[in-house]
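Here's the structure we're looking at; comments come further down.
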Amino acid sequence: MEDAIDAAVLRAGPLPAWIARLRALAGGSPDPALGPVLVDLVRSPPYRSTSSQPGWWGLWRALLRVTEAGTVEPLRPLAGHYSTHIGAATMGGWVDEHLRTLLAYTDTVRDSAGPAGPSPHDRLTTAITDLRAGRMEPARLALHAVWRTTRATRVSELLDTIGERHPVTEPVADALTDATTAKELDAALLDCLRRPPNPRIAAALADLHRHPAVASPELTPTTYRLAAAVLLHGDAALSEVLHSLGGDPSWPAGALREHLSSTARPLDAPSRAACDTLAQLLDVAGRRSRAQAGRQLLEAVYAAPADDVPRQQYAQWLTDTGDPRGEFIALQLAAVRRDLDPVEQAREAELLARHARTWLGPLAPLAVATGTRFRRGFVSGLAVYARAPELMRAVAGNPVWSTVETLEFDHRSTSCHPKVSAQDGIGHPALRALRSVGGLLGPTAVEACTAHGDRLEEVAVSGPTWRDGAESARELVEALATLPHVTRLRVAGSTELAKVRRDPALLDTLFAGALGQAVQTFSTYGDLSNRLYRDLVSYFRTNVPSLRTLELRADACGSWSHTGWTFRLSYHRGALAPTMRAHLTPRRGNEPMAGSLASYLHGFGHEGIEHVTVHAPARVDVSRALADEISGWAKPPCAMPELTVVPW
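Written as structure tokens, this is what we have:
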């Protein structure tokens, strides 16, 4: 940063220029002389609205890297009172959280500095003596002292090896690992900022970038707190983890890597020789060899996801090393061959609840918890948030995708425009086991069909499928038509399907090729007219001989969005005459909606509706009068012989 830069210069210009200047400052080389300038900006900020948060984010990043404890003392009186200081409650609260983090970090750095102790060589020699005498805990403490003064990766590797032989409970690290909510994680991170630097805590921090509370691109205090904890407890060994975060805008990964590398103190020749002796005593080479063997076994699983033998071998290796995932893989492989007993089922559920996020690895930030499934010990079903395509891009091509068989894009909290593009990895060869894919939009659907069409068995296309113009619709239809093994096709947004139905050529193209010979179930969703329903039933009955089930679904809403019913009609082609089943589900149990519900049945009497099921909340009295009203809408010869009310 140029010498001419001062607080006045950093305040100059409009908000976009201010944000850009602070981002550049955060990404540049650390300059301790800038500390007072940055502190002055916090005390008297030029911008105080929430729209200025990206600039503040650069300011906080820079402060972590250049500020000493004494420099931030002028900010201490503002902690807890920043909202009053700037006269902005929302922005003040956000700044207060970051200020609290900064003060905890700098206080711990100051308290951990202390006077210079014995040279690394002396402490390493002490550790050698302790190890030869079988005193593991004194040796660990001596190595920890060396690590705190050098941040040398060789020393942290020695500590990890001792930790495997002599496990020691670290409550702060356990709290970080066990945190399941943003509130728990935030409290654990603040606690670890008050602890002296510890490589055991660094190991727990290594996987936290996958936690949903810090995986979004939003500029959250929790993300900043994690960055501070990484700087406090990390060393250059975390560089590879941070490297994987380089594309995530919420993480200053490059700056953190640079800082951690610059804080490492080179070991002198005697100290390096002592580390060699310790490595021999602890069999570090054997540990590395075992770790390499584990990586090779895992690669074999990813290379042949359909083969159980590599999974069995990997499970055995994990069990031999004391990793609970070995037991989990063995249980799920056993479940393929037989039913697990209640004790085994409980153990499987316990292991999954405790370790699922860790076993998801780099896919964890993407995963919707309710859509995640493990099979044969690895993730096989995944629902991912489509609202954060940058997270998808960050893990595109990662081999962990190799075992995913079912992939669904969750479009909640998104507009109707595509949030996942063809460039976000959907077509990557790493998805070599993919059999079912859903929630596809626009070009992404075409890309998925092109890349994985020879394996796909189920496809679901969501949203404005046909809205982008006739050419776009035709590209999608032609891509779907070539799928030779798809037995189930779902199309959401049936108002668009109605447009396609009015263009018979598109529907004919869809089922004229390989798809029409394979598809057995076609499902669609939307608010279709009875005439279009009948047209679709007639079309499939005549033109798609392979089809066995046609599911048509529509919503009828009351004057409030939380009232209404869902109508679902299934046409099943069996050995005898075709039959239909109407399924009515109340969203909230609004009994006066019966008339509008029954109207959906009005045009179907001649098609042979044989049964109506109403799922209703227990608090709603679905009376005989309601049953008669629904039955009365059915036209002869449909006698509507049966109506069942099921508590919901």
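Here our numbering is used: the first residue of the sequence shown is 3, the next is one more, and so on.
In this text, a Cβ means the ideal position worked out from N, Cα and C, and glycines have one as well.
As the structure is a computational prediction, the values presented were derived from the model and not from experiment.
Contacts around residue i, its chain only, beta-carbon distance under 8 Å, and the 5 residues preceding and following it disregarded
i, result
"THR489", "GLU459, GLU460, ALA520, VAL521, GLN522, THR523"
"GLY518", "ALA483, LEU512, ASN545, VAL546, SER548"
"ALA336", "LEU342, GLU346"
"ALA306", "PRO312"
"ALA516", "ALA483, THR484, LEU485, PRO486"
"GLY89", "ARG50"
Close-in-space but distant-in-sequence residues of the same chain around residue i (CB under 6 Å, 5 per side omitted)
i, result
"PHE380", "THR405"
"ALA144", "ARG125, THR128, ALA129"
"VAL11", "none"
"TRP319", "GLY296, LEU299"
"GLN315", "LEU299"
"GLY383", "ARG375, THR408"
"LEU178", "ALA190, ALA206"
"LEU491", "VAL461, VAL521, PHE524"
Limits of the beta strand (DSSP E) - the one that residue i falls within
i, result
"ASP708", "The structure shown has nothing for residue 708, since the chain only spans 3 to 650."
"LEU491", "490–494"
"SER438", "438–442"
Backbone CA spacing between residue i and residue j [nearest angstrom]
i, j, result
"THR152", "PRO268", "7 Å"
"ALA295", "LEU65", "42 Å"
"HIS430", "ALA450", "9 Å"
"LEU354", "ARG378", "12 Å"
"PRO16", "LEU191", "35 Å"
"THR372", "ALA184", "18 Å"
"LEU409", "LEU300", "21 Å"
"ALA271", "ASP132", "21 Å"
"LEU342", "GLU352", "14 Å"
"LEU333", "THR323", "17 Å"
"ALA231", "ARG375", "32 Å"
"GLU172", "PRO199", "13 Å"
"ASP180", "ASP193", "14 Å"
"ALA81", "VAL44", "11 Å"
"TYR541", "LEU509", "9 Å"
"VAL311", "ALA317", "10 Å"
"ARG339", "ARG274", "52 Å"
"SER53", "GLY236", "32 Å"
"GLY94", "TRP58", "12 Å"
"VAL97", "ARG202", "30 Å"
"ALA208", "ARG292", "21 Å"
For residue i, three-class secondary structure by DSSP
i, result
"ARG469", "Model confidence at ARG469 stands at a pLDDT of 43, short of 50, so the residue's coordinates are unreliable and nothing is read from them."
"ARG550", "coil"
"LEU384", "strand"
"GLU460", "strand"
"SER525", "strand"
"ALA453", "helix"
"ALA369", "strand"
"GLU220", "Legend: pLDDT at GLU220 = 49, less than 50; position of this residue unreliable, no value from coordinates given."
"GLU301", "helix"
"ILE88", "helix"
"TYR49", "coil"
"ALA500", "Reliability fails at ALA500, whose pLDDT of 49 lies under 50, so the model's placement of it is uncertain and the value that follows must be treated cautiously. Looking at ALA500 - three-state DSSP - the assignment turns out to be helix."
"ASN400", "coil"
"GLU172", "coil"
"ALA103", "A quick correction: the sequence has Thr, not Ala, at residue 103. Helix, per DSSP."
"ARG292", "helix"
"PRO16", "coil"
"LEU65", "helix"
Cutoff 7 Å; reference residue i; Cβ partners in own chain excluding five residues on either side
i, result
"THR511", "VAL479, GLU480, ALA483"
"ARG370", "As written in the sequence, residue 370 is Val, which differs from the Arg given in the question. Counting only Cβ-Cβ distances below 7 Å, and skipping sequence neighbours, we find ALA385, VAL386, TYR387, ASP412."
"ALA239", "THR155, SER158"
Span of the alpha helix (DSSP H) around residue i
i, result
"ARG359", "344–362"
"ARG377", "Where ARG377 is concerned, there is no enclosing alpha helix (DSSP H), although the beta strand (DSSP E) it sits in stretches over 375–377."
"THR131", "122–134"
"HIS235", "223–235"
"THR152", "138–152"
"GLY518", "516–520"
"SER273", "271–284"
"ARG267", "No alpha helix (DSSP H) contains ARG267, which DSSP labels as neither H nor E."
"LEU317", "According to the sequence as given, residue 317 is Ala; it is not Leu. Element bounds for ALA317: 310–322."
Distance cut-off 7 Å: residue i Cβ against heavy atoms of the ligand FAD
i, result
"ARG227", "For the structure depicted, the ligand FAD is absent and the ligand set is empty, with no information on it obtainable."
- Message: Within 8 Å, do at least three Cβ pairs link the stretch 280–291 to the stretch 155–165?
- Response: The stretch 155–165 vs the stretch 280–291: in contact.
- Query: Does the stretch 47–64 come close enough to the stretch 7–24 that 3 or more CB-CB pairs lie under 8 Å?
  - Reply: A contact is defined here as three or more CB-CB pairs under 8 Å, and the stretch 7–24 meets this definition with respect to the stretch 47–64.
- Should the stretch 136–144 be called in touch with the stretch 287–299, which here means at least 3 C-beta pairs below 8 Å? Two segments are said to touch when three or more pairs of C-beta atoms, one from each, lie closer than 8 Å; by this definition the stretch 136–144 does not touch the stretch 287–299.
- Query: When the Cβ atoms of the stretch 94–113 are set against those of the stretch 70–80, are three or more pairs found closer than 8 Å?
  - Reply: Yes: the two stretches touch, three or more of their Cβ pairs being nearer than 8 Å.
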